[in-house]
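Residue numbers (my numbering), protein chains in the order written: chain A, 67 to 392; chain B, 26 to 114. Each residue gets a CB set at the ideal place from its N, CA and C atoms; glycine is no exception.
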Amino acid sequence: MSLKTIFEQNPNRRYIMFGGKGGLGKTTFSAATAYWLAKQGHKVLVFSVDPQASLTDIFQRDIFGKGPVEIMPNLFAQEIDADQRIKEYQEEIRQKIRNMYGVEQIPEEIENYIQAAAAEPAMEESAIFDEVVDIVVGGKYDYYIYDLVPLGHALYYLSMASVYDEWIDKITHLRQEMAEYGQVAAIMRRDKETEEDKILRELQDIKYRINTSSGILTDKKKTAFFFVIVPEEMIIIDTKKAAGLFAKFDVPISGYIVNRVIPPELARQNIPDYLRNRLEMQKGYLSEIDRTFGSEVLTRVLEFERDITGLKMIERMAESLFGGEA
Amino acid sequence: MIEEEKKPGFFDGLKSVLYGMAGHDMARFALKTRGSMEHLFILITMGDLLGIPILPPYYSLRLLPYVVPQISTWKRRMLREKDLTDALA
Numbered sequence: 067m068s069l070k071t072i073f074e075q076n077p078n079r080r081y082i083m084f085g086g087k088g089g090l091g092k093t094t095f096s097a098a099t100a101y102w103l104a105k106q107g108h109k110v111l112v113f114s115v116d117p118q119a120s121l122t123d124i125f126q127r128d129i130f131g132k133g134p135v136e137i138m139p140n141l142f143a144q145e146i147d148a149d150q151r152i153k154e155y156q157e158e159i160r161q162k163i164r165n166m167y168g169v170e171q172i173p174e175e176i177e178n179y180i181q182a183a184a185a186e187p188a189m190e191e192s193a194i195f196d197e198v199v200d201i202v203v204g205g206k207y208d209y210y211i212y213d214l215v216p217l218g219h220a221l222y223y224l225s226m227a228s229v230y231d232e233w234i235d236k237i238t239h240l241r242q243e244m245a246e247y248g249q250v251a252a253i254m255r256r257d258k259e260t261e262e263d264k265i266l267r268e269l270q271d272i273k274y275r276i277n278t279s280s281g282i283l284t285d286k287k288k289t290a291f292f293f294v295i296v297p298e299e300m301i302i303i304d305t306k307k308a309a310g311l312f313a314k315f316d317v318p319i320s321g322y323i324v325n326r327v328i329p330p331e332l333a334r335q336n337i338p339d340y341l342r343n344r345l346e347m348q349k350g351y352l353s354e355i356d357r358t359f360g361s362e363v364l365t366r367v368l369e370f371e372r373d374i375t376g377l378k379m380i381e382r383m384a385e386s387l388f389g390g391e392a
Numbered sequence: 026m027i028e029e030e031k032k033p034g035f036f037d038g039l040k041s042v043l044y045g046m047a048g049h050d051m052a053r054f055a056l057k058t059r060g061s062m063e064h065l066f067i068l069i070t071m072g073d074l075l076g077i078p079i080l081p082p083y084y085s086l087r088l089l090p091y092v093v094p095q096i097s098t099w100k101r102r103m104l105r106e107k108d109l110t111d112a113l114a
């Protein structure tokens, strides 16, 4: 099955993700898919969840932290500025404290906590994770293309969702129990009403956001997840492992795309041994890929003579992804 | 707690007496339990403050404004309590 037929047969899959190890072409394929869909007349947003995003480089436009930027008609790209987001978020928290308690100065202890929390290693990922909810809930686009982080991080991203979810469940439960005790006391003392638990409401909202974000990642009807691989031993082994882990998290894997394949017809030309050896090596691994992933291998993309940056090259890449035979 | 709601005066007095006899202790106990749970809750969400990172600081921050007043009493209690679960018993 080709990539094109997958898109044609599953018009409800509106969340498209490319995963794989670093540097294999996730961003390239995200951009090319976005380009192709936009050309088909769909309104597309391609956005990066990677703190080290490279959409700016591939589109050759500075879009970092600028919200959705129109690259061409129907095609929008967005890179989340996690640092900026965290700063705004910290300020929001400070402002809330000022408003709630009518203080000018945030108590030192609290201020220290706010600053320390922002320095946590998971903070950037969490901030992006949270922003994604706003992006996809907005519903302004036909397609959302996630330019994902490298595999390890993506797994972290997924597991974060389930860990968050459990954590929130537990403390929501504790909070509810607390509310019961509060009510008992209120009834005993014949207070009119218990004060509404704002924390509980806040927790429920957090839970909603987490569930929305992780729900999309695991929704078989609406989401398509593609693995990007190259014909090399380590990549094949790692991808196999990752695919197993992703399956555990119920990520709907829609297929594999092999990138960086050296054009086989070169073998008929007079080429140096170096290149011939690489061709031989790839041949072996390509058949291993076919054995391992079978019919789930959607297409092989040939190595280009230059890197993929700018719309012209993205267009060529889109053609080789969707245009030709697979 | 079976008195009528409408008649003030005598019944109001009776209500207070009844509350003092039966309800007050229970209310106090409920509030005390709730207080302990409140501190347990802060520990879980704001553990980093004591150097115990428990979980996602991103969302902890969202809860921070609500617990600002409790934080200093909470820290004192954490140092005082021998075992947190004692407080819940």
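Just mark residue i as buried or exposed, buried being the case when its beta carbon has 16 or more other beta carbons within 10 Å.
i	result
residue 192 of chain A	buried
residue 126 of chain A	exposed
residue 98 of chain B	exposed
residue 363 of chain A	buried
residue 340 of chain A	exposed
residue 114 of chain A	buried
residue 100 of chain A	buried
residue 325 of chain A	buried
residue 244 of chain A	buried
residue 275 of chain A	buried
residue 372 of chain A	exposed
residue 300 of chain A	exposed
residue 213 of chain A	buried
residue 90 of chain B	buried
Which residues in the same chain as residue i place their Cβ atom closer than 6 Å to its Cβ, once the five residues preceding and following it in sequence are excluded?
i	result
residue 88 of chain B	70
residue 428 of chain A	Only positions 67 to 392 of chain A appear in the structure, and residue 428 of chain A is not among them; the question remains open.
residue 104 of chain A	110, 140 and 141
Note down, in chain order, each residue of its chain lying with its Cβ closer than 8 Å to the Cβ of residue i, except the 5 sequence neighbours on either side.
i	result
residue 107 of chain A	140
residue 152 of chain A	184, 189, 190 and 193
residue 156 of chain A	180, 181 and 184
residue 225 of chain A	315
residue 358 of chain A	302 and 306
residue 133 of chain A	144
residue 169 of chain A	163
Give the secondary structure of residue i by DSSP, where H, G and I count as helix, E and B as strand, and everything else as coil.
i	result
residue 284 of chain A	coil
residue 210 of chain A	strand
residue 253 of chain A	helix
residue 72 of chain A	helix
residue 326 of chain A	strand
residue 136 of chain A	strand
residue 74 of chain B	helix
residue 67 of chain A	coil
residue 120 of chain A	coil
residue 367 of chain A	strand
residue 110 of chain A	strand
residue 390 of chain A	Note that residue 390 of chain A scores a pLDDT of 48, beneath 50, so its modelled location is shaky; the value from the coordinates is reported in the next line. Note: residue 390 of chain A maps to coil in three-state DSSP.
residue 168 of chain A	coil
residue 93 of chain B	coil
residue 90 of chain A	coil
residue 47 of chain B	helix
residue 131 of chain A	coil
residue 66 of chain B	helix
Excluding five sequence neighbours on each side, which residues of the same chain lie with their C-beta closer than 7 Å to the C-beta of residue i?
i	result
residue 129 of chain A	121, 122, 135, 143, 144 and 145
residue 198 of chain A	115 and 279
residue 272 of chain A	234
residue 381 of chain A	101
residue 298 of chain A	351
Is the CB of residue i under 8 Å away from at least one CB in chain D?
i	result
residue 168 of chain A	Here the protein chains are A and B, and chain D is not one of them.
Do the stretch 244 to 251 of chain A and the stretch 145 to 160 of chain A touch if we need at least three Cβ pairs shorter than 8 Å? no
Within 8 Å, do at least three Cβ pairs link the stretch 382 to 390 of chain A to the stretch 203 to 210 of chain A? no
Give the residues from the stretch 50 to 62 of chain B that approach chain A closer than 7 Å (Cβ to any Cβ), ordered along the chain. 51, 52, 55, 56, 58, 59 and 62
Taking 8 Å as the cut-off, does the stretch 274 to 286 of chain A touch the stretch 313 to 330 of chain A (at least 3 CB pairs, one atom from each stretch)? yes
When Cβ atoms are compared, which residues of the stretch 268 to 293 of chain A fall closer than 8 Å to chain B? 268, 269 and 272
With 7 Å as the C-beta to C-beta threshold (strictly closer), list the residues of the stretch 192 to 206 of chain A near chain B in chain order. 192, 193 and 196
Going along the chain, which residues of the stretch 136 to 166 of chain A sit with their C-beta nearer than 8 Å to a C-beta in chain B? 155, 156, 159, 162, 163 and 166
Does the stretch 72 to 79 of chain A come close enough to the stretch 324 to 331 of chain A that 3 or more CB-CB pairs lie under 8 Å? no
The stretch 86 to 100 of chain B: positions lying closer than 7 Å to chain A by Cβ: 86, 87, 88, 89, 90, 91, 93 and 96
Would you check if there are 3 or more beta carbon pairs closer than 8 Å linking the stretch 87 to 103 of chain A to the stretch 44 to 58 of chain B? no
Got a sec: which bits of the stretch 235 to 250 of chain A sit with their beta carbon under 7 Å from any beta carbon on chain B, in order along the chain? 237, 240, 241, 243, 244, 247, 248 and 250
Between the stretch 355 to 374 of chain A and chain B, which residues of the former have a C-beta closer than 8 Å to a C-beta of the latter? none
Using 8 Å as the cut-off, can you tell me whether the stretch 233 to 243 of chain A makes contact with the stretch 59 to 67 of chain B, which would need three or more C-beta pairs spanning the two stretches below that distance? yes
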